[in-house]
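Engineer: Please read through the structure below; I'll follow up with questions.
Protein chains in written order, with the numbering used here: chain W, 27 to 370; chain C, 27 to 370.
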């Protein structure tokens, strides 16, 4: 165990005009490795999750994301190994994941920084999978698609941000439901991956194609389920192409995080076609995390859900990887590996 | 029976920049009183309904509203008396309502211009009520509030366009559910009517008050149900003030009919607070019209739902009354009475 605890902390620097982060908001610090108090564990973090939601930790958002004070470590999804345990439910070597500090080492009780129980990663899965398909993003895809999108056999399902951490899983789950799945993603490389590796039926390259025209052409009977990770003009185009009785799932809105996206113009399509647009708050589903993780793990083991990871290597790559989210740089789940898994 | 059949027809004139109508689009014509063919009835129209949806008949909208050709009579909600019947299900003197021509006399089979069965007005109710509380607008309030808003005892319900045909009924239904009801309407006269006559708990005058600030002040625990007839900035303000798990019902969007309303900026509130925004298409509920009419009639008889009518008198007032909708001129259901009820 190294004696230095590297940390990414919140700097006293201006954020972006929108909701995103800036490089200047990341400040590198070093501290001593903490000791767990009674009821706590010490975790060796191995993977950090880079999500659009990282901005929420810095700015604060609703009750689960209290803004982190300047000088304190940033937080986000991490996975790692329990190195010392003073909590009866955890023992040394346990693979765990939770919302914790972006540092080499962190101490926590049984509840993480959002008040969510520290999650044990199922046996046989890597620390990366525990943070990706079996972590927040996989669970968002699972609850969003199965509870709100509810694809029926034969439905046409469109996923925006399809090549991202949530979109890759959401689209595959829709395929398992017997739906025809169209992914919207930027660039031909992402489209090819979705079609060739994950079995999407078609893709739309929003950087080089006319999204409304392509949606209309690919969905002549309308969109039954639109699973949205993006918002803005793409959501508006989907609204204009919904089938009667269609469901829109609002999972993310990255278009609105970094800059003010144009407002939605087509919400009246909900009334004209009897559609429902639903959001869901991840933390409402804590009581069903086990259900989601168990099912996703089963589908992964069966090869029915493939994991797409985009792993940056090294503690110093965190700001770049986190900011790359907002430019759509990543393909699949963006992780940063900061150390070897001491339990592997 | 007069020998002249007055009609309001679609003129060869430009519409408004938005989705509304212009005075120039109304053309007065006269024709002969038609004779019903086998399987048809001849109706003496008595009331015309002026709704924001009137524009849809001129421009066409989705499958139920085929654009009416220039020179042909405009259509909309009407109520009247069967004068001659060559259909076995209707007899002379029957009080009926449906989507029919804006003319003194009209012939129709058992299905109106939207393919909806011609509706019989319940005994004991006027031709005005048959077109208002027991017609499309009352039914929209009923299905929207009970199926989608679903107020629970103690909920805070906000209705926009609260002094309109749908809003007045929707708010009263929410009161019957045991909710606290806040109405948004323009001008002190409408607010006083909602509070004093219909029992709304509070009102917001959008023409003279800061809607977001008033919503925040009146709904400290958030809005559980937002029933929207307006769209635009008022819907955005509601999104920003929703309670966790809240339901938004998109019934109308008059703000977007006449001019392009500013787009919605706050749809991500759906995800952050686990809210659902639902639209419904009136014609999907044909199979339940009887349920809605029976219940609304019962509540009217019990004095639990009061009807607010704004009746213009005379065939020539139709364009003004129809256009006044878009300026919020009416209080309650805007009708035009074009003749005495021959069956009264």
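C-beta atoms are modelled at their ideal positions from N, C-alpha and C, and glycine is treated no differently.
With DSSP collapsed to three states, give me the class of residue 162 of chain W.
Structural biologist: Along the first chain, read from residue 1 onward, the residue named residue 162 of chain W stands at position 136. Helix.
Engineer: Would you grab the beta carbon distance between residue 253 of chain C and residue 318 of chain C for me? Rounded to a whole angstrom, and I think it's under 8 Å.
Structural biologist: Taking the first residue of the second chain as position 1, residue 253 of chain C is located at position 227. Taking the first residue of the second chain as position 1, residue 318 of chain C is located at position 292. Rounded, the Cβ-Cβ distance is 16 Å, inconsistent with contact.
Engineer: Starting from residue 230 of chain C, follow the beta strand (DSSP E) in both directions and report where the run begins and ends.
Structural biologist: For this step, residue 230 of chain C is matched to residue 204 along the second chain. From DSSP, the beta strand (DSSP E) with residue 230 of chain C extends over 228–231.
Engineer: Please state whether the Cβ-Cβ distance between residue 193 of chain C and residue 185 of chain C is less than 7 Å.
Structural biologist: Residue 193 of chain C sits at position 167 when you count from the first residue of the second chain. Residue 185 of chain C sits at position 159 when you count from the first residue of the second chain. For residue 193 of chain C and residue 185 of chain C, yes; Cβs fall inside 7 Å.
Engineer: For the alpha helix (DSSP H) holding residue 346 of chain W, just list the boundary residues, first then last.
Structural biologist: Within the first chain, the letter at position 320 stands for residue 346 of chain W. Residue 346 of chain W -> alpha helix (DSSP H) spans 344–350.
Engineer: For chain C, check one thing: does any of its Cβ atoms lie closer than 7 Å to the Cβ of residue 81 of chain W?
Structural biologist: Position 55 of the first chain, counted from the start, is the residue given in the question as residue 81 of chain W. For residue 81 of chain W, the answer is no, since every Cβ of chain C falls outside 7 Å of its Cβ.
Engineer: Within 10 Å of its beta-carbon, does residue 189 of chain W have 16 or more other beta-carbons around it, so buried, or fewer, so exposed?
Structural biologist: Residue 189 of chain W sits at position 163 when you count from the first residue of the first chain. Under this definition residue 189 of chain W is a buried residue.
Engineer: Are residue 144 of chain C and residue 124 of chain C close, meaning C-beta to C-beta below 7 Å?
Structural biologist: Within the second chain, residue 144 of chain C is the residue found at index 118, counting from 1. Within the second chain, residue 124 of chain C is the residue found at index 98, counting from 1. Cβ atoms of residue 144 of chain C and residue 124 of chain C: closer than 7 Å.
Engineer: Take residue 115 of chain C as the anchor and find which of C:67, C:331 and C:229 has the nearest alpha-carbon.
Structural biologist: Taking the second chain and counting its residues from 1, the one referred to as residue 115 of chain C is at position 89. Checking every option, the nearest Cα to that of residue 115 of chain C belongs to C:67.
Engineer: Give the secondary structure of residue 293 of chain C by DSSP, where H, G and I count as helix, E and B as strand, and everything else as coil.
Structural biologist: Taking the second chain and counting its residues from 1, the one referred to as residue 293 of chain C is at position 267. DSSP places residue 293 of chain C in coil when its eight states are reduced to three.
Engineer: Helix, strand or coil for residue 105 of chain W? Go by DSSP, reduced to three states.
Structural biologist: As a position in the first chain, residue 105 of chain W is number 79, starting the count at 1. Reduced to three states, the DSSP call for residue 105 of chain W is strand.
Engineer: At 9 Å on the CB atoms, spell out the chain W contacts of residue 305 of chain C, in chain order.
Structural biologist: Numbered from 1 along the second chain, position 279 holds the residue referred to as residue 305 of chain C. Under the 9 Å cutoff, chain W gives 293, 294, 295, 296, 297, 298, 299, 300, 301, 302 and 303.
Engineer: Grab me the residues of residue 39 of chain C's own chain with a C-beta within less than 6 Å of its C-beta, minus the 5 sequence neighbours each way, in chain order.
Structural biologist: Numbered from its first residue, the second chain carries residue 39 of chain C at position 13. Excluding sequence neighbours, residue 39 of chain C sits near 50 and 51.
Engineer: Can you tell me where the beta strand (DSSP E) with residue 254 of chain C in it begins and where it stops?
Structural biologist: By one-based count along the second chain, residue 254 of chain C stands at place 228. 249–254 is the extent of the beta strand (DSSP E) around residue 254 of chain C.
Engineer: Indicate whether at least one CB of chain C lies closer than 7 Å to the CB of residue 289 of chain W.
Structural biologist: Taking the first chain and counting its residues from 1, the one referred to as residue 289 of chain W is at position 263. So, interface residue.
Engineer: Can you confirm whether residue 170 of chain C, when its beta carbon is compared against all beta carbons of chain W, has any partner nearer than 7 Å?
Structural biologist: If you number the second chain from 1, residue 170 of chain C lands on position 144. Taking Cβ atoms only, chain W never reaches closer than 7 Å to residue 170 of chain C, which makes this a no.
Engineer: Between residue 326 of chain W and residue 301 of chain W, which are expected to be in contact by the criterion C-beta below 8 Å, what is the C-beta distance as a whole number of angstroms?
Structural biologist: Here residue 326 of chain W refers to the residue found at position 300 when the first chain is read from its first residue. Here residue 301 of chain W refers to the residue found at position 275 when the first chain is read from its first residue. Their Cβ separation, rounded to whole angstroms, is 32 Å, which puts residue 326 of chain W and residue 301 of chain W out of contact at 8 Å.
Engineer: Could you work out which residues of chain W lie near residue 277 of chain C, taking near to mean beta carbons separated by less than 8 Å?
Structural biologist: Taking the first residue of the second chain as 1, we reach residue 277 of chain C at position 251. Neighbours of residue 277 of chain C on chain W, chain order: 297.
Engineer: Among the residues of its own chain, which have a CB less than 7 Å from the CB of residue 57 of chain C, if the five just before and after it don't count?
Structural biologist: Position 31 of the second chain, counted from the start, is the residue given in the question as residue 57 of chain C. Within the same chain, residue 57 of chain C has close Cβ partners 31 and 33.
Engineer: Where does the unbroken beta strand (DSSP E) through residue 127 of chain W begin, and where does it stop?
Structural biologist: The residue given as residue 127 of chain W occupies position 101 in the first chain. Run containing residue 127 of chain W: 121–127, per the beta strand (DSSP E) assignment.
Engineer: Considering only their Cβ atoms, is the gap separating residue 75 of chain C from residue 119 of chain C smaller than 7 Å?
Structural biologist: For the purposes of this step, residue 119 of chain C is taken as residue 93 along the second chain, with counting starting at 1. For the purposes of this step, residue 75 of chain C is taken as residue 49 along the second chain, with counting starting at 1. In this structure, residue 75 of chain C does not lie closer than 7 Å to residue 119 of chain C by Cβ.
Engineer: Got a sec? Which residues, its chain only, sit under 8 Å from residue 363 of chain C by beta carbon, not counting five neighbours each side?
Structural biologist: Along the second chain, read from residue 1 onward, the residue named residue 363 of chain C stands at position 337. Excluding sequence neighbours, residue 363 of chain C sits near 72, 73, 154, 337, 338, 339 and 340.
Engineer: Distance cutoff 7 Å, beta carbons only. Does residue 310 of chain C sit that close to anything in chain W?
Structural biologist: Here residue 310 of chain C refers to the residue found at position 284 of the second chain. Yes, because at least one Cβ of chain W sits closer than 7 Å to the Cβ of residue 310 of chain C.
Engineer: Got a sec: which bits of the segment 255–269 of chain C sit with their beta carbon under 8 Å from any beta carbon on chain W, in order along the chain?
Structural biologist: 257, 261 and 262
Engineer: Just tell me which of C:260, C:208 and C:265 has its CA closest to the CA of residue 244 of chain C.
Structural biologist: The count along the second chain starts at 1 and reaches residue 244 of chain C at position 218. If we check each option's Cα against that of residue 244 of chain C, C:208 comes out closest.
Engineer: Give the secondary structure of residue 326 of chain C by DSSP, where H, G and I count as helix, E and B as strand, and everything else as coil.
Structural biologist: As a working note, residue 326 of chain C is residue 300 in the second chain. In the three-state reduction of the DSSP assignment, residue 326 of chain C falls in the helix class.
Engineer: Inspect the CB distances between the segment 194–202 of chain W and the segment 153–168 of chain W and report whether three or more fall short of 8 Å.
Structural biologist: yes
Engineer: Taking the alpha carbon of residue 323 of chain W as the point to measure from, which residue in W:355, W:146 and W:126 has its own alpha carbon closest?
Structural biologist: Indexing the first chain from 1 puts residue 323 of chain W at position 297. When each option's Cα is compared against that of residue 323 of chain W, the closest is W:146.
Engineer: In whole angstroms, what is the alpha-carbon distance linking residue 231 of chain C and residue 222 of chain C?
Structural biologist: Along the second chain, one-based indexing puts residue 231 of chain C at 205. Along the second chain, one-based indexing puts residue 222 of chain C at 196. Each residue's Cα considered, the two are about 15 Å apart.
Engineer: Look at residue 259 of chain C and residue 292 of chain C and say whether their C-beta atoms are less than 7 Å apart.
Structural biologist: Mapped onto the second chain, residue 259 of chain C falls at position 233. Mapped onto the second chain, residue 292 of chain C falls at position 266. Going by C-beta atoms, residue 259 of chain C is not nearer than 7 Å to residue 292 of chain C.
Engineer: How should residue 333 of chain W be labelled, buried or exposed, when 16 other C-beta atoms within 10 angstroms of its C-beta is the threshold for buried?
Structural biologist: The residue you call residue 333 of chain W lines up with position 307 of the first chain. Residue 333 of chain W should be labelled buried.
Engineer: Taking 7 Å as the threshold (C-beta atoms), are residue 139 of chain W and residue 166 of chain W in contact?
Structural biologist: Reading the first chain from its first residue, position 140 is the one you call residue 166 of chain W. Reading the first chain from its first residue, position 113 is the one you call residue 139 of chain W. Not closer than 7 Å, so no.
Engineer: With DSSP as the reference, label residue 310 of chain W as helix, strand or coil.
Structural biologist: Indexing the first chain from 1 puts residue 310 of chain W at position 284. If DSSP states are grouped into helix, strand and coil, residue 310 of chain W belongs with the helices.
Engineer: Run the CB neighbour count on residue 178 of chain C, radius 10 Å, all protein chains shown included, and call it buried at 16 or more, exposed below.
Structural biologist: What you label residue 178 of chain C is simply residue 152 of the second chain in a count that begins at 1. Burial call: exposed.
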